[in-house]
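J.: Chains as they are written, first to last, in our numbering: chain A, 729 to 841; chain B, 518 to 631.
Just so you know, even glycine gets a beta-carbon here, dropped at the ideal spot from N, CA and C.
Given the structure is predicted, the values throughout are model-derived calculations rather than measurements.
Shown next, in the form of structure tokens:
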């Protein structure tokens, strides 16, 4: 089955700096790669996703890149703000079947003032 | 609020007791998923339904766990004879018929087994 590895497990940045979180996946059939943000005591919320026919996608301060050959994808957050502090999870899926997401182990992002 | 709703949000029980969690998906979403999340880990897939049919179950779902979605709307997840290792956050998610892959998660039901 699919295996998703995520690094780093914790990331501390100064407000205004950029943050980058990286993930690798094992199943070459995976074609959908979402990123979720989870705040304390809440469920994961989708913040951005990318499909395998696209190399990069951007939404305001967040962007995701995908390298299918290397089987890795990354989340980039620019101009970080304190409210960006949360746990971020990457995930991978093969769409069209059960849509079963395999998650990474998460990155605790702390944005310091 | 028309998001995924889960109840109860928190449950504390003694080892050996049975517990049941309920999930109400977003209206018109035909797929419903249960995930389990332990501290410091990402959510792990347990099972999913398309309408009322349970189409896949993870090996994580032991025979003490049972999930139902009798009318293709809300779902229940029951854990019988709870063990301390069952302590976790149980997350429900739903997805629409368009099947784009996007899952919408609820706030979760946190189970503590003493």
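Could you check whether residue 798(A) and residue 753(A) sit closer than 7 Å to each other, using their CB atoms as the reference points?
T.: In this structure, residue 798(A) does not lie closer than 7 Å to residue 753(A) by Cβ.
J.: Could you give the distance in angstroms between the alpha-carbon of residue 614(B) and the alpha-carbon of residue 546(B)?
T.: For residue 614(B) and residue 546(B), the distance between alpha carbons rounds to 6 Å.
J.: From 562(B), 570(B), 567(B) and 592(B), pick the residue whose C-alpha is nearest to that of residue 578(B); which is it?
T.: It is 562(B).
J.: Taking C-beta to C-beta, are residue 558(B) and residue 833(A) nearer than 7 Å?
T.: Yes. Within cutoff.
J.: Apart from the five residues just before and just after residue 514(B), which ones in its own chain have a Cβ nearer than 8 Å to its Cβ?
T.: Limits of chain B in this structure are 518 at one end and 631 at the other, which puts residue 514(B) out of reach.
J.: So residue 554(B) and residue 605(B) are supposed to be a Cβ contact under 8 Å. How far apart are they, rounded?
T.: About 6 Å separates the two Cβ atoms, so the contact holds.
J.: Quick one: is residue 799(A) near chain D, going by C-beta distance under 7 Å?
T.: You won't find chain D in this structure, because its protein chains are A and B.
J.: For residue 583(B), return the contacting residues in chain A, with the cut-off set at a CB-CB distance below 7 Å.
T.: Within chain A, no residue comes near residue 583(B); the closest Cβ sits about 19 Å away, beyond 7 Å.
J.: So which residues of chain B does residue 828(A) contact, with C-beta pairs closer than 9 Å?
T.: By Cβ distance, chain B contributes 550, 562, 565, 573 and 575.
J.: Check the Cβ-Cβ distances between residue 545(B) and every residue of chain A, and say whether any is below 7 Å.
T.: Judged by the 7 Å Cβ criterion, residue 545(B) is not in contact with chain A.
J.: Is the Cβ of residue 628(B) closer than 7 Å to any Cβ of chain A?
T.: Chain A, which has no Cβ nearer than 7 Å to the Cβ of residue 628(B), makes this no.
J.: Does any residue of chain A bring its CB to less than 7 Å from the CB of residue 600(B)?
T.: Output row for residue 600(B): interface = no.
J.: Please list the partners that residue 774(A) has in chain B, where partner means a Cβ-to-Cβ separation under 9 Å.
T.: In chain order: 619, 620, 621 and 622.
J.: Restricting to runs no shorter than 4 residues, where is the alpha helix (DSSP H) found entirely within the segment 758 to 819 of chain A?
T.: Taking only runs of at least 4 residues, no alpha helix (DSSP H) segment lies wholly in the segment 758 to 819 of chain A.
J.: In the DSSP assignment, find the unbroken beta strand (DSSP E) run with residue 606(B) in it and report its ends.
T.: 605 to 612 is the span of the beta strand (DSSP E), which, as asked, contains residue 606(B).
J.: Any beta carbon from chain A within less than 7 Å of residue 608(B)'s own beta carbon?
T.: Residue 608(B) counts as touching chain A.
J.: How long is the line joining the alpha carbons of residue 791(A) and residue 784(A), rounded to whole angstroms?
T.: Going by the C-alpha atoms only, they are around 7 Å apart.
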